[in-house]
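Heads up, the thing below is written out as structure tokens.
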DNA sequence: ACCTGAACACCGTTCAAGT
DNA sequence: ACCTGAACACCGTTCAAGT
């Protein structure tokens, strides 16, 4: 909270720049959530007047775009041609995207709240499409497969974030769901009451994502 | 014995109720989008002072919950045991959920912005789990499959809504993406430039969803 | 060029008051 | 019980002014 006091020395007045603003924005988003991501809170975290930020960004929307671009660029592309099969590389690439979205739930919100304008994440898409073609898919099938993989990845990350949000703190995200389902009237919801523990176990983030991802990849690449 | 109504010529003062408020809220959300969904705008649409709504709902959050519940309850469950195979019923059920989310993009926003507390959509989940068990999946596999199907459905609907939002009006959602990809530097993004038309075609909503859904179902039910 | 405080037009909601 | 207007504490952003 308290920023490092830069001594009483005559500190250069212009200690603010785009980089510092973006860093504080990511911190604020990841730590306090989208609702607390305010221009005023951002400026306060930077130890500066609210309007100082406007000297480096046109407005909040430009900051949102920049944050999204910065985080999407952070996806670690696995080294190419490491002797694995295209399908294994695909798996790892998708997991990297999921990990990013899962580590920074704020990006999901930014993706939802504002359409993508720039070339953010383009490198990842290029790589995935290339791998899909390498497995033998024809061009329309590769395009549909790429879209389906991204759709599932975004949905799974959103689902996980929603679960964490609902659980509040550090508790097990499935716990609330288990008790909720277990307490349902068994006449109307026999399967949910019965499968409450299993459904709760399926809220475990990465393992669940991998289960669905393998099924999806299996279906998309069937026969290749 | 229906009592003869007093039939006062005088128009009843209290013409506002929860039902009317919810109807206006859905209209406002679907027509003007989440940003325009304001308590003041809602009241104005109802021809009433802003605070009148607070006589029927505790606040905006309660309206959000009620709208979500109302729309999720609208998912048309296909008639049970219509002679089709469980897999065909599963497909139709998932398509119904997708259609609802696609027709009312606002629900997606409501799902993102606020965790689910009530039993909304529980009936659909019950049905899907039952069908998955009927295909022969064991309990953990059925739970994971149910979660994966919902994750993919939410992600696909969100993707489609995002594309429509980016396209602005009634244009082809893939058009913008096609030109954007086609104009990329071909040295860095050879596949994207090459597959721009196919990737644009994959932004067509329901057909793309069905492609991914069939792949996912195929992978989840492989061997059963 | 960079930063500031006051001010404007919004927002959700509280409150005291009307019927 | 239902509805109202004024007011409060927020928000993003404009503006004129400081350095």
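Residue numbers (the numbering used here), protein chains in the order written: chain Z, 1 to 224; chain V, 225 to 448.
All residues carry an ideal CB built from backbone N, CA and C; glycine is no exception.
8 angstroms Cβ cutoff, residue i in contact with chain V
{"i": "residue 99(Z)", "result": "no"}
{"i": "residue 102(Z)", "result": "no"}
{"i": "residue 140(Z)", "result": "yes"}
{"i": "residue 125(Z)", "result": "yes"}
{"i": "residue 144(Z)", "result": "yes"}
{"i": "residue 211(Z)", "result": "yes"}
{"i": "residue 219(Z)", "result": "yes"}
{"i": "residue 189(Z)", "result": "yes"}
{"i": "residue 154(Z)", "result": "yes"}
{"i": "residue 55(Z)", "result": "no"}
{"i": "residue 192(Z)", "result": "yes"}
{"i": "residue 201(Z)", "result": "yes"}
{"i": "residue 129(Z)", "result": "yes"}
{"i": "residue 72(Z)", "result": "no"}
{"i": "residue 208(Z)", "result": "yes"}
Cα-Cα separation, residue i to residue j
{"i": "residue 44(Z)", "j": "residue 339(V)", "result": "29 angstroms"}
{"i": "residue 142(Z)", "j": "residue 377(V)", "result": "20 angstroms"}
{"i": "residue 219(Z)", "j": "residue 383(V)", "result": "20 angstroms"}
{"i": "residue 312(V)", "j": "residue 35(Z)", "result": "42 angstroms"}
{"i": "residue 95(Z)", "j": "residue 244(V)", "result": "45 angstroms"}
{"i": "residue 415(V)", "j": "residue 425(V)", "result": "15 angstroms"}
{"i": "residue 46(Z)", "j": "residue 113(Z)", "result": "24 angstroms"}
{"i": "residue 385(V)", "j": "residue 433(V)", "result": "13 angstroms"}
{"i": "residue 213(Z)", "j": "residue 149(Z)", "result": "8 angstroms"}
{"i": "residue 289(V)", "j": "residue 334(V)", "result": "8 angstroms"}
{"i": "residue 359(V)", "j": "residue 310(V)", "result": "6 angstroms"}
{"i": "residue 294(V)", "j": "residue 248(V)", "result": "13 angstroms"}
{"i": "residue 128(Z)", "j": "residue 28(Z)", "result": "31 angstroms"}
{"i": "residue 239(V)", "j": "residue 344(V)", "result": "28 angstroms"}
{"i": "residue 326(V)", "j": "residue 265(V)", "result": "24 angstroms"}
{"i": "residue 435(V)", "j": "residue 144(Z)", "result": "7 angstroms"}
{"i": "residue 348(V)", "j": "residue 189(Z)", "result": "10 angstroms"}
{"i": "residue 151(Z)", "j": "residue 441(V)", "result": "15 angstroms"}
{"i": "residue 332(V)", "j": "residue 324(V)", "result": "10 angstroms"}
{"i": "residue 278(V)", "j": "residue 363(V)", "result": "45 angstroms"}
{"i": "residue 22(Z)", "j": "residue 37(Z)", "result": "12 angstroms"}
Heavy atom of the ligand FMN within 7 angstroms of residue i beta-carbon
{"i": "residue 151(Z)", "result": "As far as ligands go, the structure on display features none, and thus does not contain the ligand FMN."}
Where the alpha helix (DSSP H) containing residue i begins and where it ends
{"i": "residue 412(V)", "result": "Here residue 412(V) belongs to no alpha helix (DSSP H), and DSSP marks it neither H nor E."}
{"i": "residue 208(Z)", "result": "206-220"}
{"i": "residue 240(Z)", "result": "Nothing about residue 240(Z) can be reported from this structure: the residues present for chain Z run from 1 to 224 only."}
{"i": "residue 174(Z)", "result": "173-182"}
{"i": "residue 39(Z)", "result": "39-45"}
{"i": "residue 55(Z)", "result": "Taken as a continuous stretch (DSSP letters only), residue 55(Z) belongs to no alpha helix (DSSP H), as it is neither H nor E."}
{"i": "residue 196(Z)", "result": "196-201"}
Residue-chain proximity (residue i, chain Z), Cβ-Cβ < 8 angstroms
{"i": "residue 344(V)", "result": "no"}
{"i": "residue 438(V)", "result": "yes"}
{"i": "residue 230(V)", "result": "The pLDDT assigned to residue 230(V) is 34, lower than 50, so where the model puts this residue is not dependable; a value taken from the coordinates is nonetheless given after this. It does not: the Cβ of residue 230(V) has no partner Cβ on chain Z nearer than 8 angstroms."}
{"i": "residue 317(V)", "result": "no"}
{"i": "residue 406(V)", "result": "no"}
{"i": "residue 313(V)", "result": "no"}
{"i": "residue 446(V)", "result": "yes"}
{"i": "residue 252(V)", "result": "no"}
{"i": "residue 262(V)", "result": "no"}
Selection from the options that minimises the alpha carbon distance to residue i
{"i": "residue 256(V)", "options": "379(V), 329(V) and 301(V)", "result": "329(V)"}
{"i": "residue 397(V)", "options": "406(V), 445(V), 387(V) and 403(V)", "result": "387(V)"}
{"i": "residue 122(Z)", "options": "310(V), 417(V) and 389(V)", "result": "417(V)"}
{"i": "residue 250(V)", "options": "342(V), 356(V), 239(V) and 291(V)", "result": "291(V)"}
{"i": "residue 91(Z)", "options": "29(Z), 176(Z), 182(Z) and 146(Z)", "result": "146(Z)"}
{"i": "residue 175(Z)", "options": "187(Z), 196(Z), 108(Z) and 65(Z)", "result": "196(Z)"}
{"i": "residue 341(V)", "options": "131(Z), 165(Z) and 130(Z)", "result": "165(Z)"}
{"i": "residue 78(Z)", "options": "138(Z), 151(Z) and 93(Z)", "result": "93(Z)"}
{"i": "residue 274(V)", "options": "357(V), 263(V), 412(V) and 283(V)", "result": "263(V)"}
{"i": "residue 181(Z)", "options": "423(V), 350(V) and 431(V)", "result": "350(V)"}
{"i": "residue 75(Z)", "options": "22(Z), 54(Z), 98(Z) and 138(Z)", "result": "98(Z)"}
{"i": "residue 242(V)", "options": "281(V), 254(V) and 272(V)", "result": "281(V)"}
{"i": "residue 137(Z)", "options": "61(Z), 222(Z), 171(Z) and 22(Z)", "result": "222(Z)"}
{"i": "residue 403(V)", "options": "272(V), 423(V) and 354(V)", "result": "423(V)"}
{"i": "residue 427(V)", "options": "395(V), 348(V) and 286(V)", "result": "395(V)"}
{"i": "residue 207(Z)", "options": "156(Z), 183(Z) and 187(Z)", "result": "156(Z)"}
{"i": "residue 80(Z)", "options": "131(Z), 63(Z), 177(Z) and 59(Z)", "result": "131(Z)"}
Which residue spans inside the region 60-142 of chain Z form an unbroken alpha helix (DSSP H) run of at least 4? With a minimum length of 4 residues, the continuous alpha helix (DSSP H) runs that stay inside the region 60-142 of chain Z are 60-72, 86-103, 105-113 and 122-134.
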